[in-house]
Structure formats: C-alpha cells, structure tokens
Amino acid sequence: MILTYCYRIKPSAEQEVVMLHTLEWLRRHWNYALGQRLDWLRRTRCRIDRCSLVSEPIGDISERVTYYTQQSALKETKQLFPEYKTIWAEAQQVNLQRLNRAWERWLVPDRSGKRGGRPRFKKPGELRSFVYPRINCPKAGAHLKEGILKLSKIGGMRVILHRPLPNGFKLKTCTIVHKADGWYCCISMEDKTVPDPLPLDEVKSPIGVDVGLKEFLTTSMGETVPRQQTYRKAQRHLARQQQKLARQQKGSKNAEKQKNRIARVHQRLGRIRKDFHYNTAHHLVKNHDFIAVEDLNIKGLARTRLSKSVLDAAWGQFITILDAVAVKCGIRVVKVTPHGTSVDCSNCGAKVPKTLSIRLHQCHRCGLEMDRDENAALNILMRALNAVGLIVSACGGQENTQPLKQEAECWSGVQLSLF
Ligand SMILES: [Zn+2]
211 MILTYCYRIK PSAEQEVVML HTLEWLRRHW NYALGQRLDW LRRTRCRIDR CSLVSEPIGD
271 ISERVTYYTQ QSALKETKQL FPEYKTIWAE AQQVNLQRLN RAWERWLVPD RSGKRGGRPR
331 FKKPGELRSF VYPRINCPKA GAHLKEGILK LSKIGGMRVI LHRPLPNGFK LKTCTIVHKA
391 DGWYCCISME DKTVPDPLPL DEVKSPIGVD VGLKEFLTTS MGETVPRQQT YRKAQRHLAR
451 QQQKLARQQK GSKNAEKQKN RIARVHQRLG RIRKDFHYNT AHHLVKNHDF IAVEDLNIKG
511 LARTRLSKSV LDAAWGQFIT ILDAVAVKCG IRVVKVTPHG TSVDCSNCGA KVPKTLSIRL
571 HQCHRCGLEM DRDENAALNI LMRALNAVGL IVSACGGQEN TQPLKQEAEC WSGVQLSLF
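Going by the working numbering, the first residue of the sequence shown is number 211, and it counts up by one from there.
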C-alpha cells in the first residue's frame, strides 16, 4: 500500500527564490528534451503515401532519443549551463523520467487500447513540482527529522506536521509542490502489508450505492446524502473576481495578485469537495462491509447538458476515494455496469422506463412502489452480489439467478425487435 501525506513547508524568502529558479530551469530542460524527442520522431518517420522527396531527413539521421541518452547528456548540460549545477541531480533525472512516462503513454496504447495525449511544451510557471526520489537514507537529497526538512541545494526549512507520519511505513519520495497558497512537500511512503479483504462468506451488511444529481447518493437501505453544489454556490463570487482580473492590465503586478486570488478560490472549492468525499466514504465504510457502485462513464456524462452539475458532484473522485478508504479497512468495493439500473424493477426485473423527472418507481408487473434512486441502488447491489457469486436473501428476497435470466429475456426481446 502506497500512501502520500502532504505537509505545508515554510521556506525562507531566499529559499523560495531558489525553488522557483529550480522549477524554471527544470521546465526549460523539459521543453528542450521534449523538442529533442519530437525532432527525432519527425526526422525518422515518413507518411506511407508520400515520396521521399517530400519527407526526407536532412543530414544524418540522429540516434534514437530515449530516456538513457537524455540522462547521460545531463553531464554535458551542466557544463554548458552552469545553472543546472545548482539543482539536485536526482531531481533532474526524475524530470526526464516524467517526460519519458508521458511520452510512452502517448505512443504505446494501454490494455484497453487507449493512448494519452501528446506531451506538451510547458509555459512559464506551468511546471509546479520537482521530486527528490529518496528521503531519509544515507545518500538521499531530502531528510525529514524533527519537523525540519533538509533539502540538498536548498537548505533546511520548517515542516508543519499537522498529523504524524504513520508507523511502519518506509518513506520513499519527497515531492516539493508549489500551490496557489504556498509550498508543500508530499511524502509518499510504502507498507508492503495490505489488509486482506474480508472473506465473502463473512459479509453481513452489503450495500448498493447509486450516485445522482438530486441527492449526492442513495443507498439500497434508503439512506440519502444530500448534494453539496460546491461550485454552483461560489459561482457568483468567482465571476466577480474574474471580472476584476479582466479589468486589470495584463502582466501587471496587480493582475498577478488577482490571478492568485482566483486560484485560491478554486483551491478552496476543491478542498471542500474532497473533504466531503472523504467524510462520506468513511461513513459508508464504517457501517458496511461490502459496497457496490456504478462504473460510470463520467466523460460521457460531462458532455451532456448536465455537465456542470456532473463535474461539480465529482463522482469519479468520490469513487476513487471510496476505493482507497475501503482498501485501507479491508472492505470490498465492486463496480458494476450502470446500464439500465434505474429502469429495471428491483423486485421482479421488469423494465419500467422513466424520464429523469419521474422520482417514483412504480412497477406495472408486481406493483412495487419505491424511490427511483433506491430502486437503482438495489439493482446495483444485486448485480455486484451476482458478480462475486453471493446469493441475495436479505434484500428484496431475490434469487441468485433470476435477474440474469430476466436480463437474457430482455436481450432476446431487443434483438427480436431489431430484426
Ligand atoms: Zn416489479
């Protein structure tokens, strides 16, 4: 299990200058290294339908640019640009490793066949963090002891340890991050022992969770958590602040200050949302030992008219947080496909189509009447229990095979109507 704890650090004014300087030079190096890679790609590739007159490398074809060639060139860089001598060598290496990872994500598709976007050139101020890949070991660049963080080439500074480091973890890396409201050090640590998930036959209080816009979430027990609307509430305040920025002269000191003020509003909103997600996740994990959620296509939902509300709710972040909290406590979180969860009847499996405005689920076959979200949560729970092979008896008196059969029926019906 890898955890990351972030603490605020208090660098002196001189140290801050050095750190900003470090970020700037690393950014330039990133841009240079990315340019080198793109250049190599352009020189060695030719469209299949073009003759060689159109696309021909001029001069020698350079050697393939990889992480290793770039890393070994660091020595030369330091001779040409003595500024790089003032930056911890490992931080420079990690900078190149990050580029390498972005590069590979762009060129090599992952298991589902998706690729990342092309790595971008960074504008001034866009690189916001650098890494000391070792901490608290003899040759490390960073040492954290008794509330003082000592960074090579920068110096010692106070760390505000608002919570102690957990016991039994080995400290791995230290990332220095420049955020809107100051500097932070994020310490990642690892513990090889991960609590085993609770065995399936000991599951006592399983629960299905349906996330929505009317309520933030509804559980299969009928419990609801109201939505927050963090962004919507702050929208007018933000608009005012952005208006102020628009009236200021671009690039001026005051405009910079105003920009920072806006960034801090956004930061606060993000923090409020995250805190709410953590509290909700802990509440669920504390009271239940098996949680079923939908595997939502949030990118798709964010393209609809409801996008602002969808992104404000941030279900994706919530599910990631829920997953992490559950792993820590040894509880299973199962994701199921959301297809048709609000349409199917949780009691008999009949299809009850309804628009978003119909809040009540009324089954025409078995006469079941219940809240629409609760019905969906029950469906989600049933699907998850089916997926892990548990028989449902506690919720709705459903037999194990029934929904599957019903689904098969429906599918055949759909196919018949198609042909
Ligand atoms: Zn029914």
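Where a beta carbon is used, it is the ideal one built from N, C-alpha and C, also for glycine.
Asked: Contact test: N589 Cβ vs ligand 1 heavy atom, cutoff 7 angstroms; Found: no
Asked: DSSP three-state assignment for D533, whether helix, strand or coil; Found: helix
Asked: Any non-hydrogen atom of ligand 1 within 7 angstroms of L570 CB; Found: no
Asked: Cβ-heavy atom distance, C396 to ligand 1, below 7 angstroms; Found: no
Asked: Segment limits, beta strand (DSSP E) that includes S398; Found: G392 to E400
Asked: Buried or exposed (CB count within 10 angstroms, at least 16 for buried), M211; Found: exposed
Asked: Whole beta strand (DSSP E) elements within the stretch 473-535, 3-residue minimum; Found: 500-504
Asked: Between the CA atoms of W250 and W278 - distance to the nearest angstrom; Found: Checking the sequence, you will find Tyr at residue 278 rather than Trp. Spanning the two alpha carbons is a distance of roughly 15 angstroms.
Asked: Ligand 1 heavy atom lying under 7 angstroms from the CB of L423; Found: no
Asked: Burial state of V404 (16 or more Cβ within 10 Å); Found: exposed
Asked: Of the residues G335, C216 and L427, the one placed nearest R373, counting alpha carbons only; Found: C216
Asked: Alpha-carbon to alpha-carbon, D485 and L494; Found: 14 angstroms
Asked: For C216: DSSP bridge partner residues; Found: C396
Asked: Cβ-heavy atom distance, R315 to ligand 1, below 7 angstroms; Found: no
Asked: Nearest-angstrom beta carbon gap, T429 and G422 [assumed within contact, 8 angstroms]; Found: Not a contact, Cβ separation roughly 12 angstroms.
Asked: Neighbour-count burial assignment, C539, 16 or more Cβ in a 10 Å radius; Found: exposed
Asked: Extent of the continuous beta strand (DSSP E) run through H571; Found: L570 to Q572
Asked: Rounded straight-line distance, which links the Cα of K467 to that of R218; Found: 21 angstroms
Asked: E584 classed as buried or exposed, judged by whether at least 16 other C-beta atoms fall within 10 angstroms; Found: buried
Asked: Three CB pairs or more closer than 8 angstroms across the stretch 429-439 and the stretch 560-568; Found: no
Asked: 4-residue-minimum alpha helix (DSSP H) runs that sit fully inside the stretch 308-372, ordered along the chain; Found: none
Asked: Anticipated Cβ contact below 8 angstroms, A491 with V544, distance rounded; Found: In fact, because the Cβ distance is near 15 angstroms, the residues do not count as touching under 8 angstroms.
Asked: The stretch 391-404 / the stretch 366-382 touching (three or more Cβ pairs under 8 angstroms); Found: yes
Asked: Pairwise C-alpha distance: G351 and E224; Found: 19 angstroms
Asked: Rounded separation between E293 and P348 - CA only; Found: 26 angstroms
Asked: Environment of T551 [buried if 16+ CB atoms lie within 10 Å]; Found: buried
Asked: Cβ pair V503, L532 closer than 8 angstroms; Found: yes
Asked: Distance, H574 Cα to R481 Cα; Found: 45 angstroms
Asked: Distance cut-off 7 angstroms: R575 Cβ against heavy atoms of ligand 1; Found: yes
Asked: Closer than 7 angstroms: L578 CB and nearest ligand 1 heavy atom; Found: yes
Asked: Validate contact between the stretch 452-460 and the stretch 576-591 using beta carbons, cut 8 angstroms, 3 pairs; Found: no
Asked: Segment contact, 8 angstroms Cβ cut-off, at least three pairs: the stretch 331-340 with the stretch 229-238; Found: yes
Asked: Euclidean distance between Cα positions of V369 and I345; Found: 14 angstroms
Asked: Member of Q451, R255, D411 and G366 whose CA lies at the smallest distance from the CA of G229; Found: The residue asked about is misnamed: residue 229 is Met in this sequence, not Gly. With distances taken between Cα atoms, M229 lies closest to G366.
Asked: C558 beta carbon near ligand 1 (any heavy atom closer than 7 angstroms); Found: yes
Asked: Three-state secondary structure (DSSP) of L290; Found: helix
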